[in-house]
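For reference, the structure discussed in these notes is given below.
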Amino acid sequence: MTAAFIDYYEVLGVKSNASKEEIKTAYRKAARKHHPDLHTKNEKAAAEEKFKKINEAYEVLSDDEKREKYDRFGENWRTAQQAQTYSDREGREDNTWSRSDADGFSDFFESIFGNARGAGGFKGSFNQQRNIRGQNLESEIKLTIEEAYHGGQKELQFSLKGRCPICSGTGMVHQNICQNCGGTGLKTNTKALNVKIPSGIRDGSKLRLRGQGGEGIGGGERGDLVLIVKVVPSSLFKLEGNIIKTIAQIRPEQAVFGGRISVPTLDGEVMVTVPPMSHSGQKLRLRSKGWPKKDGTRGDQYVEIHIDIPHTLTQPEQELYQKLLDQRKEVP
76 MTAAFIDYYE
86 VLGVKSNASK
96 EEIKTAYRKA
106 ARKHHPDLHT
116 KNEKAAAEEK
126 FKKINEAYEV
136 LSDDEKREKY
146 DRFGENWRTA
156 QQAQTYSDRE
166 GREDNTWSRS
176 DADGFSDFFE
186 SIFGNARGAG
196 GFKGSFNQQR
206 NIRGQNLESE
216 IKLTIEEAYH
226 GGQKELQFSL
236 KGRCPICSGT
246 GMVHQNICQN
256 CGGTGLKTNT
266 KALNVKIPSG
276 IRDGSKLRLR
286 GQGGEGIGGG
296 ERGDLVLIVK
306 VVPSSLFKLE
316 GNIIKTIAQI
326 RPEQAVFGGR
336 ISVPTLDGEV
346 MVTVPPMSHS
356 GQKLRLRSKG
366 WPKKDGTRGD
376 QYVEIHIDIP
386 HTLTQPEQEL
396 YQKLLDQRKE
406 VP
């Protein structure tokens, strides 16, 4: 069974471009915080597991060779390390490889990466890199409620690691370390993509952009970019399940006498009747003006009334309010 991929940068709480010193500092801080001896008996098991991951992360990220493979191969980094060790050992034992010798290693490598495709003969050490598909990447995409409801095209900017254009992903230029990528073979680039957003998409939905993920190795195809949708409240609307919530500000006289007001919905403005003697916090229900459901129907929209008290009054308004106050005082 393949071990679950662990984001070592996330474990230590550092960015993927963190320096060795930053990684060391983060490791010491995390190790102190999660040391099992500093936790209660009930917390000790969880602390030991966390402490183990912290040490594992530091072991990889503090080692230049392991970190380079981790950054380059992603979830396949361990098997890539094993494959390299295997090829180096076999190369030292017998500097001349026949096709039949190579078959065993080919099977080993294909069992690891699954989608690796055929290769020619081997000579010396493992000098022909197999086609390895790039890893799938995930990124969060934030949409306002209006954007998620209406859908359409949206241009997004992404920072993605891709093959270094100078060394073509080898990490070397004329037998020297590539200065453009520092020998990693990868370079972070900003990429603009036009993404089609389906109308009525829900929070937590995933959009898969094929061939826009991690760079393939040895001519392998790119992985996919998976966008996880996060629907955020807008200045007008709040979404809870299939219910849309919004606020309507009304004047004091409208609260007393009622009347017609304009209210925003996802489909545009509609006129709503405010009943007489309404109060702040009172809710008006607009049927089928909420979020689309899977069965094709829609939820409801609730309009919460807020009475807007004026900050300033004209002289006639002051006199009217004073008259009203005086009359209220006379009521037993």
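Residues in the sequence shown are numbered consecutively from 76, following the numbering used here. Every residue gets a Cβ at the ideal spot worked out from N, C-alpha and C, and that includes glycine.
Item, Value
"Member of P367, V307, N269 whose CA lies at the smallest distance from the CA of L482", "There is simply no residue 482 to check, as the chain begins at 76 and stops at 407 in what is shown."
"CB of G295 within 8 angstroms of CB of N206, strictly", "yes"
"Assigned secondary structure, Q390 (DSSP; H/G/I helix, E/B strand, else coil)", "helix"
"Sequence-distant residues of the same chain with beta carbon closer than 6 angstroms to E215, five excluded per side", "I303, K305"
"Euclidean distance between Cα positions of K369 and R326", "39 angstroms"
"Where P308 falls: helix, strand or coil (DSSP)", "coil"
"Cβ contact check for the region 261 to 268 and the region 229 to 244: 3 or more pairs under 8 angstroms", "yes"
"Three-state class that DSSP yields for Q254 in the structure shown", "coil"
"Meets three-Cβ-pair contact criterion under 8 angstroms: the region 344 to 353 and the region 304 to 318", "no"
"Under 8 angstroms between C-beta atoms of K364 and I336", "no"
"Check whether P111 and A101 have beta carbons under 8 angstroms apart", "no"
"Simplified DSSP assignment, three categories, for W172", "The predicted position of W172 is uncertain, since its pLDDT is 38 and thus under 50; a value taken from the coordinates is nonetheless stated next. In the structure shown, W172 sits in coil (DSSP, three-state: anything other than H, G, I, E or B)."
"Rounded Cβ spacing between R208 and G275 (contact assumed at less than 8 angstroms)", "That pair is no contact at about 32 angstroms."
"6 angstroms CB neighbourhood of P273 in its chain, flanking five on each side removed", "G226"
"Reference K128, options A106, L113, S355, closest by Cα", "A106"
"Cα-Cα separation between R285 and T245, rounded to whole angstroms", "24 angstroms"
"Residues that P367 bridges to, as DSSP identifies them", "R373"
"Where L361 falls: helix, strand or coil (DSSP)", "strand"
"Cα-Cα separation between V338 and F332, rounded to whole angstroms", "18 angstroms"
"6 angstroms Cβ shell around R283 - same chain, five flanking residues per side excluded", "D299, V301"
"Short Cβ contact (8 angstroms threshold) for V349 with G371", "no"
"Which of helix, strand or coil DSSP assigns to A323", "strand"
"Nearest residue (CA-CA) to F148, options L361, D82, Q329", "D82"
"Buried versus exposed, by CB contacts within 10 Å (16 or more), Q393", "exposed"
"Alpha carbon of C256 to alpha carbon of Y224, nearest angstrom", "42 angstroms"
"Beta-carbon gap between E229 and E221 smaller than 8 angstroms", "Inspection of the sequence shows that residue 229 is occupied by Lys rather than by Glu. Going by C-beta atoms, K229 is not nearer than 8 angstroms to E221."
"Beta-carbon proximity list for A330, same chain, < 6 angstroms, skipping 5 on both sides", "S353, I382"
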